[in-house]
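S.K.: Residue numbers (full-length UniProt numbering), protein chains in the order written: chain B, 1 to 511; chain P, 1 to 511; chain Y, 1 to 511; chain A, 1 to 511. Okay, handing you the structure first.
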């Protein structure tokens, strides 16, 4: 997955972000809409097709959504119109048509008690049967989005009634009973934001603390490993400005926040001006394992994010080391395709002692919309993006690391470019196992037929793309690389969803 | 110069590109407009404000110019309207107002013999006195651009008359006598393209050969070290599709071209369908030295370009090594700010044995137009662009390489970010000498007052930005790093313009 | 209401259009999306803020909506993507924010049987209580639009169940029982389009026949005065291409259609490839009268539309005659402000014998967005739009007809302009009674406080605007002018809603 | 020329406007850029493709140009950046490509004394030979525009030198000697604006006085019939804010100006803060006649403009009367196609006593870019723009006035529409003679081959378009209608260019 085009082949569907100003902080000081906007910029790699922010001032909801990149949508002072001391945001990738502003999140609906806004990362395995049930109830659905289904489930009042106003926890638990995975949610009513992770913990979600004056950006995971009795754990010197939640912790430093808690699988946390409070942990139906998506480590997440107490970059580096152990090769230099598998390449280099060099420079001005008509030039399109640093590899044997192979269309032209520019040999090492199965939990993967790993084995692929050798990391190797860095947490089980690699899905598939 | 904003602080003014289809090649096969467009994408780092292409079919000239990036301007089939078997292109940065489509190049004018189109990289030292002379002659000038001055000088007929049609070489020599530096030019009449470099060779320019089928992308500098008797040197197996010229060789691989010749200072080369022919070498007025801009090596050029027979990346690596020799420091890791001084950091690491690691990851989705109102968030703006890879440097002493310091505004927040994220010490090493003087030859440098090197020395700067130490490369060190890799070429003198660092200008300044 | 700005003061909310290709006609021949698009262009005066078209091919629904004018939204071949042999369209004006693409119609929802699309002209008097009931049922509502309420009412299954598929007539009758006015609707399922007019007939709606070859554009109202036994009334030589429905008949000639039937108050007509069929006439709850909006005659409708068997232009001309009878004046010329009350002015001239002349020419290039900062120029803004044809009225006494007065801001500057240009006297005659009351049935009228008729009587207004006299048409006069031309139709009662003039609403207002 | 498309068939090329604030008026009070902008809006009918304004504050020139309509170009506060107390503006139509921002006027050039700006309406008959002479002098020309030629002629210093600064009058006279027609010019240097009309007076130009407080908008032509001794004619109560010049007087009321002087053929008037001063009247080379374009009366000018002391509307009305005298017909109603020949139709009605009625209503929302693919709908395109007011003409004999016939494509479908809607007979009367010859003086007329009058006579055309009769106005009739209203001015000859109708050109054509 060497370049932007491939990025579209394998795409996480969303990023979510929430912010609630701390007690006593004025709207100007909290600057909630800006904080969310910056948070979304930090999650932009999780979706570039549309984005939205909804805030509320305890009374009215303010919404702004649009197609395109976060920094293009929220221009021209439109953030000023997003008033209030709390809000949620969303950034989205979708396979739907580009004009589908209708599907942009967060969704806002009016309910009998108040408006609510919902932002969702993930995909409901039983969305179809839920849709059908609603249609039979006579509810017209105006989009094809899972999030509309979630929203309508949330508007359903609990059977016991709600004599004292809305019982949102009961409504959220009802939602969690109706569908088990995969979702991470931010749900805002007029008083607070609920953040929820599905019982299998398939999509990531974490909580941060935004201090007025930043002295350290180091995470405080140990101090806040639980959110019960949260109030006693907050010191005065914490000097809190706001509480935030995000799909990934990488969005925290840009707003001056620190990571304080990773939302547990099945956990419901309420963010209010007084701080986050853990309200419940709903267990999965099948007790076998938590199932956090292993591909977040392999490819989706930004390298500076933390999951399960470890930095993604470090895990990727361990993948490279593991690959060097499993599949060493005699070579002169180790390298990678820019901005793809750099940590894995460093890991491979450290394990083998073969020096790391750069073999390609990237032209960052290549636009996506650029079209060349002639065949001759189309065949050279990889050369438009990458320039060979010939003096670094001419006449040398190169080990080229990549993070994963999807359709297998990009690696061939890169190898050709390196060889035309003088590489003696090119050995490809893929820092993940063959990708063979569809994902129904929030990742956009090409069809089974399009995945090259279903069409040929590593040796055949090596021949096809012109590599002198090509080896994947083993599934066990990947699991070892991921899990060996997770610190034992009392009573917390470790487990990952490897469905796209192994075909083993966390829940039964139902159509 | 760590990031995009700084890039605008110090900016080369232009890139030029030319293409002439070889004899017997059809317009469809040559695909000239596409080749130029791709060539300009490869020169986009030399100017992002506007771009233009002019082609001609031996009869009519076809022009398309626009504000913005190459890939945005040349969309929607507009390349198809740029007909013909030759053309020139230009990409430009300018300090002028954004709406100045008037100033976009190439300039096209009608002359008594035919239309000509002119693309120009550089800046005329005596532009003002030339303008005044023209105004006295009763010629109205409609732009403030040097290129209009050049164009009007070219339309001036030689005093001896031109009994047999236009004598373009005489006209170009007249132009070269009127002004000596700095310019690299592409001049197209209806039959051919002339490419010209000023007698001091201040701005770069090179020539390439575009083959029908690409087997090797290695440069053929040795084979074509002279363009006299060019025809005898072209083999049949060269299988030439077109001849191209470019400000930098980095734009050649993307169109399948190989570098064949670096235009010599003062050289006039004519590109026709039969190939490039060297017509003359006009010597400089002051014989002291050639004066190729040393900052092309330091910062402007793309790392994969070749100048004077050496790859820019390699020169930068030598700068890092030289810096390690001049100013070593005890530390745990060496690193750089992403996409800035990576080769220098590798050089420093190799020389010292201190391991190279990545300390920051870059958010490539940060838009330029993004605005945050509150002070608190503005102070964090560097955090929006870079995420700390904390596990790679927490508790460690970091050597941080940068290529140059202009205003000195960016490095401070980066150091603060690294320290807040846990760096024990941060030692800054700048791979070039202090930048102190304005450039009048084509580089956009802030005023003397804005350059931080005119306000404080290295020690004071270290204190101001919070570095534990900060050292520049010496001017001699830079010259050594650049010149030690240049292969002796018979009769060719070596020399570089270091005016912005040393204050020594190649020609007398005249106002 | 002399000019474009005023037009926004008093605005019908929508226009709807439908088309169903006749049996045996191919999609290419029927060209449904283009027919609807042209139909909407003919209804553009009923709403310029957004527009949309939904078609269906018996299987999939195809939707395209956008902000702005019809001719801007449906460009660039996007009509080709609207496939199928039937469709509905909508053009809309709204007080909601300009970016509210969410609220654009037609609305499309999925139901248990099929998708349906709904286009709506009008406003529900009891929308608020209907909304609340739905929210209590646990249905989340995502817009503030009445049309979402209508759509959700339509998705409600009849209590008796629908053993043999959807019973749309039962569902539509249920909808009609829940709310009585005001609406004209086009509802498309995958087989047909239902067009419905509320029991009071408040908003207009009519049906047309689109012939393959156009020989006459004259309406065939007499031949098709009922749609029962429709099939026996269609001759072979009718040569039908498609059946269409529209808010106004003025959109028919541009597609080659003829007006065949005005949908009766409370009538449900189904358009299928076999032709229109009247399915039911639902009577109003209060039997007192039909209540077709009289202001459609006064101002909203296009002059070439037919309502109740008479041309709107003719009715307006009768208003002018009636005004001349009620309030004659000695004068030299009769005139009007361009494109406003021309028919009334002709009527006044015919009745009195005072010659009609043009006093102003209109600058049709005045843009809406144009802004002038200085007070002096702002006071002249009416002069920007209208140029005085001085030789036609210098030294003369002018009677100036206008159709209505809303805020009363425009007429003053016009009178001033005429007098500065030499008019001896200016007598204003308004071809409708004073506008005093809000409309809750689909017209956007300023608040009671903003209506000038609630602030001063005719005499005071004359003084304020500088008129030598100013008289309104009486309510009885207007009713006479409207109703005297309606041909007696057996069993059909005649009646009009005059709420905005008289304060008498057709149904009880409920909040 | 019934509609917008035809309007593009026959198009005046430009409108020019100038404004100079009176002595002692502050820039804020004068609001020069806004005045020019409004003036251009009033000239928008003379060119809709691009527009520009240049102002100067005695020091710097400020320029803003753009493609499109005046009200779109000058938005968003850009007028504020056009500083200073004088300026000129231009609005333009051109056959050149839509992206030719290069050709937008006013042109600004630097000269040896100061910048000058030039705005031009007209076309130089000898442009080609002037271009060639310049190219031979070694001046490169960067556009194909006549205005660049004019601008370069103006930069030429008079042979006697200019010892005391620029002698602009000498330069303008030199320009006027080089080319005799057709042009009206506004030339701004840093102190004043010169307005110039060619010796034949082919294109219109007039001067106005902008008062601080407007009491009357009546022209003061008699008072200012000469601009010599202008100062003695200006009273204190004139209370002058600024002096303006315009192609047509119709742009004066919108800024509160009154018409004071029509620039005479060959006259050079200088506008300074002290008022307009007539500097010279350059006689034509051929003394035979003045040659003001008669088509300005027929079609181009706005009906409320004054030429030669008479209102254009009145002249057109006389054309209709003349036509009724020349070619009467028995009929029931007289009418016209909306916004085309209304005054002529009134004239015809007055002369014959046949009542005037409206037969068509215009849909003003029809966009220009709208495209319909099917043939059936394309044939109906005239119905999209015009709706038949059937009750006004069903069963009646209609006389339909039009101002002129160019290609003859529009009138046929209109007649068809009227007949399909029930007209018994349609008799066409054209209020001008057959259009047969090209114009080389500033009007864009189709080629000889495209003009229908060169292909068939009136009778043949009647048959082709389906008219029951079709008659043109005679050339003598037109000249009578135009000239009978011109008041005898002492010593001033009357004469008009009728070249497009008669083939007689005012000067010898030279290629």
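Cβ atoms here follow ideal geometry from the backbone N, Cα and C, with glycine treated the same way. The model shown is predicted, which means the values in this text are computed figures rather than measured ones.
Between the C-alpha atoms of residue 122 of chain A and residue 182 of chain A, what's the straight-line distance to the nearest angstrom?
M.R.: Rounded to the nearest angstrom, the two C-alpha atoms are 5 Å apart.
S.K.: Could you check where the beta strand (DSSP E) with residue 67 of chain P kicks off and where it finishes?
M.R.: Residue 67 of chain P -> beta strand (DSSP E) spans 61-67.
S.K.: Give a yes or no on whether the C-beta atoms belonging to residue 297 of chain A and residue 333 of chain A are separated by under 9 Å.
M.R.: Result no, Cβ atoms of residue 297 of chain A and residue 333 of chain A do not sit closer than 9 Å.
S.K.: Determine the DSSP secondary structure at residue 350 of chain Y, reduced to helix, strand or coil.
M.R.: In the structure shown, residue 350 of chain Y sits in a helix (DSSP, three-state: H, G or I).
S.K.: Once the 5 residues before and after residue 99 of chain A are set aside, which same chain residues still bring their CB inside 6 Å of it?
M.R.: Confidence is the limiting factor: at residue 99 of chain A the pLDDT is only 44, short of 50, which leaves the residue's position unreliable and the question unanswerable from this model.
S.K.: With burial defined as no fewer than 16 other Cβ atoms inside 10 Å of the residue's Cβ, what is the status of residue 386 of chain P: buried or exposed?
M.R.: Buried, since its Cβ has 16 or more Cβ neighbours within 10 Å.
S.K.: Would you say residue 110 of chain P faces chain A, with C-beta separation under 9 Å as the test?
M.R.: Answer yes: the Cβ-Cβ gap between residue 110 of chain P and chain A drops below 9 Å somewhere.
S.K.: Taking residue 200 of chain Y as the query, report the chain A residues whose CB atoms sit under 7 Å from its CB, ordered along the chain.
M.R.: Ordered by position in chain A, no residue passes the 7 Å Cβ test against residue 200 of chain Y, which lies about 27 Å from the chain.
S.K.: Check whether the stretch 276-292 of chain A and the stretch 490-509 of chain A touch, using three or more Cβ-Cβ pairs below 8 Å as the test.
M.R.: Yes, since at least three Cβ pairs between the stretch 276-292 of chain A and the stretch 490-509 of chain A fall closer than 8 Å, the two stretches touch.
S.K.: Please confirm if the stretch 473-482 of chain A is in contact with the stretch 323-330 of chain A, defined as three or more CB-CB distances below 8 Å between the two stretches.
M.R.: Segments in contact, yes.
S.K.: Spatial neighbours of residue 167 of chain B within its chain, please: C-beta separation below 8 Å, excluding the five flanking residues on both sides.
M.R.: Here the set comprises 158.
S.K.: Using a Cβ distance threshold of 8 Å, determine whether the stretch 248-257 of chain B contacts the stretch 206-214 of chain B, with at least three qualifying pairs required.
M.R.: Yes: at least three Cβ pairs fall under 8 Å.
S.K.: For residue 364 of chain B, count the other beta carbons within 10 Å of its own beta carbon; 16 or more makes it buried, fewer makes it exposed. Which is it?
M.R.: With fewer than 16 other Cβ atoms within 10 Å, it is exposed.
S.K.: Name the DSSP bridge partner or partners of residue 86 of chain A?
M.R.: Paired residues: A:20, A:56.
S.K.: Evaluate residue 243 of chain Y with the Cβ neighbour count: other Cβ atoms within 10 Å of its Cβ, from every protein chain shown; 16 or more gives buried, anything less gives exposed.
M.R.: Buried, since its Cβ has 16 or more Cβ neighbours within 10 Å.
S.K.: Do residue 459 of chain P and residue 470 of chain P come within 9 Å of each other at the CB atom, strictly closer than that value?
M.R.: Taking 9 Å as the Cβ cut-off, residue 470 of chain P and residue 459 of chain P qualify as a contacting pair.
S.K.: If residue 88 of chain P sits next to residue 186 of chain P, beta carbons under 8 Å apart, how far is it from one beta carbon to the other, in whole angstroms?
M.R.: About 4 Å separates the two Cβ atoms, so the contact holds.
S.K.: Just to make sure I have the definition right: I need the residues of chain B whose C-beta is within less than 9 Å of the C-beta of residue 303 of chain P. Which are they?
M.R.: Those within 9 Å of residue 303 of chain P in chain B are 358, 361, 387, 389.
S.K.: Are the C-beta of residue 139 of chain Y and some C-beta of chain B separated by less than 9 Å?
M.R.: Taking Cβ atoms only, chain B reaches closer than 9 Å to residue 139 of chain Y, which makes this a yes.
S.K.: Give the C-beta separation of residue 245 of chain B and residue 17 of chain B to the nearest angstrom, bearing in mind that I take them to be a contact with Cβ-Cβ under 8 Å.
M.R.: Right, the Cβ-Cβ distance comes to about 7 Å (below 8 Å), so this counts as a contact.
S.K.: Residue 214 of chain A touches chain Y at which residues, Cβ-Cβ below 7 Å?
M.R.: Ordered by position in chain Y, the residues that pass the 7 Å Cβ test against residue 214 of chain A are 420.
S.K.: Are the C-beta of residue 429 of chain A and some C-beta of chain Y separated by less than 9 Å?
M.R.: So no, residue 429 of chain A is outside the interface.
S.K.: Using a Cβ cut-off of 9 Å (strictly closer), state whether residue 319 of chain A contacts chain Y.
M.R.: Chain Y contact via Cβ: absent.
S.K.: Would you give the residue range spanned by the beta strand (DSSP E) that residue 362 of chain A belongs to?
M.R.: Residues 360-362.
S.K.: Count the C-beta pairs between the stretch 185-199 of chain P and the stretch 17-31 of chain P that are closer than 8 Å, then say yes if the count reaches three, no if not.
M.R.: Because the criterion of three Cβ pairs below 8 Å is met, the stretch 185-199 of chain P and the stretch 17-31 of chain P touch.
S.K.: Just the chain Y side, please: which residues come within less than 9 Å of residue 250 of chain A by C-beta, in chain order?
M.R.: Simply 361, 363, 387.
S.K.: If you count every other CB in all the chains shown that lies within 10 Å of the CB of residue 75 of chain P, and 16 or more means buried, which is it?
M.R.: Counting Cβ neighbours within 10 Å, residue 75 of chain P comes out exposed, since fewer than 16 surround it.
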